[in-house]
Amino acid sequence: MVLVFGTDEAGRGPVIGPLVTAGLVIDEKDMHKLEDIGVKDSKLLTPRQREHLYDKILNIVKDNMVIIISPKEIDDALESNSLNLNWLEAIKTADMVNKLKPDRAILDCPSTNLKAYSAYVRNHLKDKTIKIISEHKADTKYPIVAAASIIAKVTRDREIQNIKKEIGEEIGSGYPSDPITQKFMKENHSKYPDIFRKTWVSYKRLQQQQLQRSLADF
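The working numbering puts the first residue of the sequence shown at 18, with every later residue one more than the last.
Right, dumping it as structure tokens:
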């Protein structure tokens, strides 16, 4: 049995909600089963198709792990001297590999420097013998990475729905370019601070505008 690990994330860009990273392990001989059920890069599937595949994927793979990274943890990483979003994702990837113990790990690399990213992940692995394959757009080439992208995206979408239910307001997709998100953020960035990534330029701009208005009023 050769255990192959694949990982991908969802939600790097949004100003609202968590970043979700998912890792799956499959027996190499079962890889075709993912293709048989129609697994492909999550961006090429509708939300309904992703939801339909979610349980099917989890029934095929040997093991899985999902990590939900809160806005605060993202902000803390970006405000530190030693981390950025890529390195934070790399650490979470290593955590999943350490737990799931595959023979080979295939990573959808977020960094422009494949070699540096792979080395950073390997540095955080307990078992240095695990083979690492790190590629851009790995979710379009490897079914196990595509499957991980679906699990991550469905989980992220569910988290956004939970936020909507919790606060009882429409927040849009959470992306800064979304007009609904822009309107919600403008009206509520101080009311619901925990759901926002405060290091994002769009959030900082609103904070600055609020400060300027406060000073003008004073």
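Cβ coordinates follow ideal geometry from the N, Cα and C atoms, glycine included.
Just so we're clear, the structure is a prediction, and the values are computed from it rather than from any experiment.
Simplified DSSP assignment, three categories, for residue i
i, result
"residue 128", "coil"
"residue 118", "coil"
"residue 18", "coil"
"residue 187", "coil"
"residue 135", "helix"
"residue 36", "strand"
"residue 86", "strand"
"residue 54", "coil"
"residue 205", "helix"
"residue 63", "coil"
"residue 158", "coil"
"residue 144", "coil"
"residue 196", "helix"
"residue 98", "coil"
Where residue i falls, given that 16 or more other Cβ within 10 Å makes a residue buried
i, result
"residue 19", "exposed"
"residue 144", "exposed"
"residue 223", "buried"
"residue 193", "buried"
"residue 70", "buried"
"residue 156", "buried"
"residue 75", "exposed"
"residue 200", "exposed"
"residue 29", "exposed"
"residue 218", "exposed"
"residue 196", "exposed"
Per DSSP, cross-strand counterpart(s) of residue i
i, result
"residue 81", "41"
"residue 23", "41 and 123"
"residue 150", "123"
"residue 213", "33"
Among the options, the one whose alpha carbon lies nearest that of residue i
i, options, result
"residue 198", "177, 183 and 36", "177"
"residue 106", "27, 195, 203 and 225", "27"
"residue 128", "141, 102, 139 and 109", "102"
"residue 236", "111, 118, 172 and 154", "Given that the chain is displayed from residue 18 to residue 235, the structure contains no residue 236 and the question cannot be resolved."
"residue 168", "65, 211, 33 and 30", "65"
"residue 83", "118, 62, 41 and 61", "41"
"residue 99", "86, 58, 137 and 172", "137"
"residue 135", "159, 118, 79 and 108", "108"
"residue 163", "68, 131, 133 and 51", "51"
"residue 32", "202, 226 and 104", "202"
"residue 86", "118, 152 and 172", "172"
"residue 96", "226, 214 and 225", "214"
"residue 183", "80, 59, 218 and 211", "211"
"residue 56", "174, 92, 160 and 195", "160"
"residue 104", "126, 81 and 116", "126"
Proximity test, residue i beta-carbon vs the ligand ADP heavy atom, cut-off 7 Å
i, result
"residue 198", "Ligands are entirely absent from the displayed structure, and the ligand ADP is therefore not among its contents."
Does the contact criterion of 3 or more C-beta pairs under 8 Å hold for the stretch 183-192 versus the stretch 45-60? no
Across the stretch 120-132 and the stretch 146-159, are there enough close Cβ pairs to call them in contact, namely three or more that are closer than 8 Å? yes
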